[in-house]
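Trainee: Sharing a structure, written as structure tokens. Questions coming.
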Ligand SMILES: [Fe+2]
């Protein structure tokens, strides 16, 4: 289950019988009879957002977008425009003005509401279907600067704009398929590192400058600036093997970050790695 937080986090939106059933299914996903990941999805229940929730979104959006307009990847910024993210309301997942309506036409990715944290297998199963498990609650206003777990600002504002880009879209699905197939600890650890240093905390070179694209940076007022300006951050060129060999810690600003040359570089490196994982799995199955 999503852990309980103090303040005005709107648990009524996720804690009903449907939310509990979906979370229970996700927790058991992969066991016999639990193979339909769509049963882990819930409705966004949009009417459940309070005026304070909406205000929290507006504050976060204004503050981050003014920095990102000059420091985020053009691919991110163009994605945010394509899915029509706006300051005035928390994004809708479904319906005529929803992110999913725009995403469907662009790449076929969809954001699917989930009641809380998904175990790794369930998470990968979503990505393999071009579906992004999305937290729908938003942080309490009094915790606006820091939340130790994802909320809709992290998941939609931070992640989803890149899903509008065809190259990133293909990379993320390939990642999901490979991660779902890999069942030995060696690959599982490497794939977790790859996700961390790209999807969550990636940087990219664009027009001779280093820009943000990882959702953990995009959605963090403090770390977005720190990652680009601090002398304490070691910004290394992206190389898949190096990334997969780099461990990380989650509870402080990242001291090491990896910088892509392009999203094609990431997609191509992932394609190669995915082929290796799928080939190894096929050989194991045949043995
Ligand atoms: Fe994330």
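Numbering (the numbering used here), first residue to last: 1 to 287. Even glycine gets a Cβ: it sits at the ideal position worked out from N, Cα and C.
Would you check if the distance between the CB atom of residue 26 and the CB atom of residue 122 is smaller than 9 angstroms?
Mentor: By one-based count along the chain shown, residue 26 stands at place 26. By one-based count along the chain shown, residue 122 stands at place 122. Result yes, Cβ atoms of residue 26 and residue 122 sit closer than 9 angstroms.
Trainee: Taking 9 angstroms as the cut-off, decide whether the C-beta atoms of residue 125 and residue 176 are in contact.
Mentor: Mapped onto the chain shown, residue 125 falls at position 125. Mapped onto the chain shown, residue 176 falls at position 176. A contact, by the Cβ cut-off of 9 angstroms.
Trainee: What does the Cβ neighbour count give for residue 231, buried or exposed, with the cut at 16 atoms within 10 Å?
Mentor: Translated into positions along the chain shown, residue 231 becomes position 231. Looking at its Cβ environment, which holds fewer than 16 other Cβ atoms inside 10 Å, residue 231 is exposed.
Trainee: From this set, 201, 278, 167 and 220, which residue's C-alpha is nearest residue 304's C-alpha?
Mentor: Lying outside 1 to 287, the shown extent of the chain, residue 304 is not represented and no answer is given.
Trainee: Between residue 236 and the rest of its own chain, which residues show a CB-CB distance below 6 angstroms, the 5 nearest in sequence each way excluded?
Mentor: By one-based count along the chain shown, residue 236 stands at place 236. These residues qualify, in order along the chain: 258.
Trainee: On the DSSP letters alone, give me the boundaries of the alpha helix (DSSP H) that residue 243 sits inside.
Mentor: Counting from one through the chain shown, the residue named residue 243 turns up at place 243. Counting along the chain, the alpha helix (DSSP H) containing residue 243 begins and ends at 240 to 244.
Trainee: Give the secondary structure of residue 18 by DSSP, where H, G and I count as helix, E and B as strand, and everything else as coil.
Mentor: Locating residue 18 in the chain shown gives position 18, where the first residue counts as 1. Helix.
Trainee: Suppose you measure from the CA of residue 39 to the CA of residue 22; what does that come to, to the nearest Å?
Mentor: The residue you call residue 39 lines up with position 39 of the chain shown. The residue you call residue 22 lines up with position 22 of the chain shown. Cα to Cα, residue 39 sits roughly 6 angstroms from residue 22.
Trainee: Give the residues whose C-beta lies closer than 7 angstroms to at least one heavy atom of ligand 3, in chain order.
Mentor: The model on display carries ligand 1 but not ligand 3.
Trainee: In angstroms with no decimal places, state the Cα-to-Cα distance between residue 214 and residue 154.
Mentor: Within the chain shown, the letter at position 214 stands for residue 214. Within the chain shown, the letter at position 154 stands for residue 154. Cα-Cα distance, rounded: 10 angstroms.
Trainee: For the putative contact between residue 134 and residue 93, defined by C-beta atoms under 8 angstroms, what is the C-beta separation to the nearest angstrom?
Mentor: Counting from 1 along the chain shown, the entry for residue 134 is found at position 134. Counting from 1 along the chain shown, the entry for residue 93 is found at position 93. Yes, residue 134 and residue 93 are in contact; Cβ-Cβ is about 7 angstroms, under 8 angstroms.
Trainee: Is the beta carbon of residue 137 closer than 9 angstroms to that of residue 288?
Mentor: This structure cannot settle anything about residue 288, because the visible part of the chain is limited to 1 through 287.
Trainee: Check residue 6 in the structure and name its three-state DSSP category.
Mentor: On the chain shown, residue 6 is found 6 positions in, with the first residue counted as 1. Because residue 6 sits at a pLDDT of 44, beneath the cut-off of 50, its placement in the model cannot be relied upon, and the following sentence gives the value as read from the coordinates. Note: residue 6 maps to coil in three-state DSSP.
Trainee: Measuring CB to CB, does residue 71 end up less than 9 angstroms from residue 212?
Mentor: Your numbering for residue 71 matches position 71 in the chain shown. Your numbering for residue 212 matches position 212 in the chain shown. Closer than 9 angstroms, so yes.
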